[in-house]
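If you read the sequence shown in the UniProt record's numbering, its first letter stands for residue 1, the second for the next number, and so on.
Input: a single structure, listed below in structure tokens.
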Amino acid sequence: MVDKVKRRVADAREHRPLLDQAVRTVEHYGNVKGNIQAGAVTYFAFISFFPILALAFAIIGFVARVYDGAESDLVDAINSVLPGLVGEGEGQISLRDIRDSAPGILSVGIVVVLYSGLGWLSSMRDALIVMFELPEREQPSFVVGKIRDLVGLATLGLILMVAVGVSGVVRGLSEEILEWMGLGSGFGWLLGVIAVVVGLAANALLFFAFFKVLADPELPARALWSGALLGAIGFEVLKQVSQLLLQSTANSPAFQAFGIALILVVWINYFSRVVMYAAAWAYVHPTSRALRPEGAAPVEGPPSPPLPWRERLEADRENESPASRAAVPFAAGSAATLALVALLRRGGR
1 MVDKVKRRVA DAREHRPLLD QAVRTVEHYG NVKGNIQAGA VTYFAFISFF PILALAFAII
61 GFVARVYDGA ESDLVDAINS VLPGLVGEGE GQISLRDIRD SAPGILSVGI VVVLYSGLGW
121 LSSMRDALIV MFELPEREQP SFVVGKIRDL VGLATLGLIL MVAVGVSGVV RGLSEEILEW
181 MGLGSGFGWL LGVIAVVVGL AANALLFFAF FKVLADPELP ARALWSGALL GAIGFEVLKQ
241 VSQLLLQSTA NSPAFQAFGI ALILVVWINY FSRVVMYAAA WAYVHPTSRA LRPEGAAPVE
301 GPPSPPLPWR ERLEADRENE SPASRAAVPF AAGSAATLAL VALLRRGGR
């Protein structure tokens, strides 16, 4: 029965490339312990979330002096990732509190904020390196590493805000686009399709940036974009589910006890898993597999010289007589027998 099922699965994988790639993705995810990688990212991401959030609003506070819509764009970008997270409602992170803490962060705590906030980026890079099975790289110094992480964080944040901004503009002009194309109000359903397509494109761009900025694997662009598209779909589903989760758990006892932190930890963990699965999908893509040999025989190096203690041990064993070799096991067996007899006698009494 089991062999029959295996043959059917093998035949299905042979005739359906997407099924074969999905199975390979799950296998690779398990081989590199993707859940453990996502768990490590979750830990550092939760610790880094609030410092990064406060630092972002502190910087945007200065940008808002030149561009009035900077803060609202940042809120839209955050809510596009986790809908309903920031606001003035019950169970939301207060925008007023974050804004009030911004001056203190820029004046005193910016070093502490950067140190604690960039841990997420480092952990995500390490996890992606494991998922892509990249060789170990020379680690930069502490200062250079933090500067690199800061540049990467700024790049990802800029890409996120640009993607959200473009998505908002396209959605806002969707009716004008329909009129320009000569389509009437009967094609209103097309607006929803445009919104979904634009959202997926923005998410795919974000995942592709994750791969290139953090890990930069030597994989074909087609494979990376394929993984980014899978991540974008999973990310969009996760956003919709998280919005329902926030609404359904607002009055639960657990939510009242732990607040937004409970939802945030769960969401970060599932988001990290989506990133790991997307990376695994890109790694096992047919164009990626074509670049690396599979099933190659292991290369054996020269035999290592025998250790001195091993030579002495082998020489001592050669010099021992058969009687002396059997003395230790015989003594151990005799002692065990005597102990068992004594125990039985006590029990008989």
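Where is the CB? At the ideal position from N, CA and C, for every residue including glycine.
Under the three-state reduction of DSSP, which class applies to serine 123: helix, strand or coil? helix
In the DSSP assignment, what residue or residues form a beta bridge with isoleucine 93? DSSP, once it has assigned bridges, lists Val86 as partnering isoleucine 93.
Once DSSP output is grouped into helix, strand and coil, what is the label at aspartate 68? Three-state DSSP puts aspartate 68 in coil, outside helix and strand.
Should glutamine 21 and methionine 276 be called a contact, given that it needs their Cβ atoms to be closer than 8 Å? no
If you measure between the beta carbons of glycine 39 and asparagine 269, is that distance less than 8 Å? Cβ atoms of glycine 39 and asparagine 269: closer than 8 Å.
Which residues in the same chain have their Cβ closer than 7 Å to the Cβ of threonine 42, if we skip the five residues on either side of it in sequence? Val265, Ile268, Asn269, Ser272
Do you know offhand how far valine 63's Cα is from threonine 287's? 43 Å
Which listed residue (Phe142, Gly152, Val81) has its alpha carbon closest to that of leucine 121: Of the listed residues, the one whose Cα sits closest to leucine 121 is Gly152.
Rounded to whole angstroms, what's the CA-CA distance from proline 217 to aspartate 126? Just pull it up for me. 12 Å
Run through DSSP, which three-state label would leucine 238 get? In the structure shown, the three-state DSSP call for leucine 238 is helix.
Could you tell me how far apart the beta carbons of glycine 199 and glutamate 236 are, in whole angstroms, since I believe they sit closer than 8 Å? Yes, glycine 199 and glutamate 236 are in contact; Cβ-Cβ is about 6 Å, under 8 Å.
Short check: CB of alanine 282 to CB of serine 226, under 8 Å? yes
Beta-carbon separation (whole angstroms), glycine 157 vs alanine 278, contact threshold 8 Å: Incorrect: roughly 19 Å between the Cβ atoms, too far for contact.
To the nearest angstrom, how far is it from the Cα of leucine 238 to the Cα of leucine 128? 20 Å
For glycine 301, which three-state DSSP category applies? Any reading at glycine 301 must be qualified, since the residue scores a pLDDT of 44, below 50, and its modelled position is unreliable; the value itself is stated next. Under the three-state reduction of DSSP, glycine 301 is assigned to coil, being neither helix nor strand.
Quick check on the DSSP output: what are the complete beta strand (DSSP E) runs of length 3 or more inside the region 5 to 73, in order along the chain? Runs of the beta strand (DSSP E) inside the region 5 to 73: none found.
Thinking phenylalanine 208 and leucine 224 are a contact (beta carbons under 8 Å), I'd like their distance in whole angstroms, please. 6 Å
Alpha carbon to alpha carbon, what distance is there between serine 80 and residue 426? The structure shown does not extend to residue 426, since the chain spans only 1 to 349, so no value can be given for it.
Can you give me the C-alpha to C-alpha distance between leucine 262 and glycine 182, rounded to a whole angstrom? 48 Å
Distance, Cα to Cα, phenylalanine 46 vs isoleucine 78? Each residue's Cα considered, the two are about 15 Å apart.
Quick one: measure Cβ to Cβ for valine 274 and histidine 28, integer angstroms, because I've assumed they're closer than 8 Å. Contact check for valine 274 and histidine 28: beta-carbon distance about 15 Å, past the 8 Å limit, so the pair fails to qualify.
Alpha carbon to alpha carbon, how far is glycine 34 from histidine 15? Give it in angstroms, no decimals. The C-alpha of histidine 15 lies about 27 Å from the C-alpha of glycine 34.
On a CA-only basis, which of Leu134, Ile59, Arg8, Ala12 is nearest alanine 154? Give me that one, please. Proximity to alanine 154 across Leu134, Ile59, Arg8, Ala12 peaks at Ile59, based on C-alpha coordinates.
Keeping to the same chain, check which residues put their C-beta closer than 7 Å to that of methionine 124; ignore five residues upstream and five downstream. Around methionine 124: Val41, Leu214.
Buried or exposed (CB count within 10 angstroms, at least 16 for buried), asparagine 31: exposed
Straight-line Cα distance separating valine 130 from valine 299: Low confidence applies to valine 299: its pLDDT is 43, below 50, so where it sits in the model is not reliable, and the reading given next is rough at best. Rounded to whole angstroms, valine 299 to valine 130 spans 22 Å at the Cα level.
For glycine 234, I'd like the list of residues in its chain whose CB is within less than 6 Å of its CB, leaving aside the five on either flank, ordered along the chain. Val274
N- and C-terminal bounds of the alpha helix (DSSP H) containing valine 197: 189 to 209
Taking all protein chains shown into account, decide if valine 2 is buried (16 or more other Cβ within 10 angstroms of its Cβ) or exposed. It counts as exposed.
What are the boundary residues of the alpha helix (DSSP H) that includes leucine 262? 260 to 283 is the extent of the alpha helix (DSSP H) around leucine 262.
Compute the beta-carbon to beta-carbon distance between alanine 10 and leucine 19, rounded to the nearest angstrom, for a pair I have assumed lies under 8 Å. Not quite, the Cβ-Cβ distance comes to about 11 Å (not below 8 Å), so this is no contact.
Counting C-beta neighbours from all protein chains within 10 Å, is the total for serine 48 16 or more, i.e. buried, or is it exposed? With 16 or more Cβ atoms within 10 Å of its Cβ, serine 48 is classed as buried.
Over the uninterrupted alpha helix (DSSP H) stretch that includes proline 135, give me the two end residues. Run containing proline 135: none; DSSP gives neither H nor E here.
DSSP-derived helix/strand/coil call for methionine 181: coil
Given a cut-off of 8 Å on the beta-carbon distance, is the pair alanine 195 and threonine 25 in contact? no
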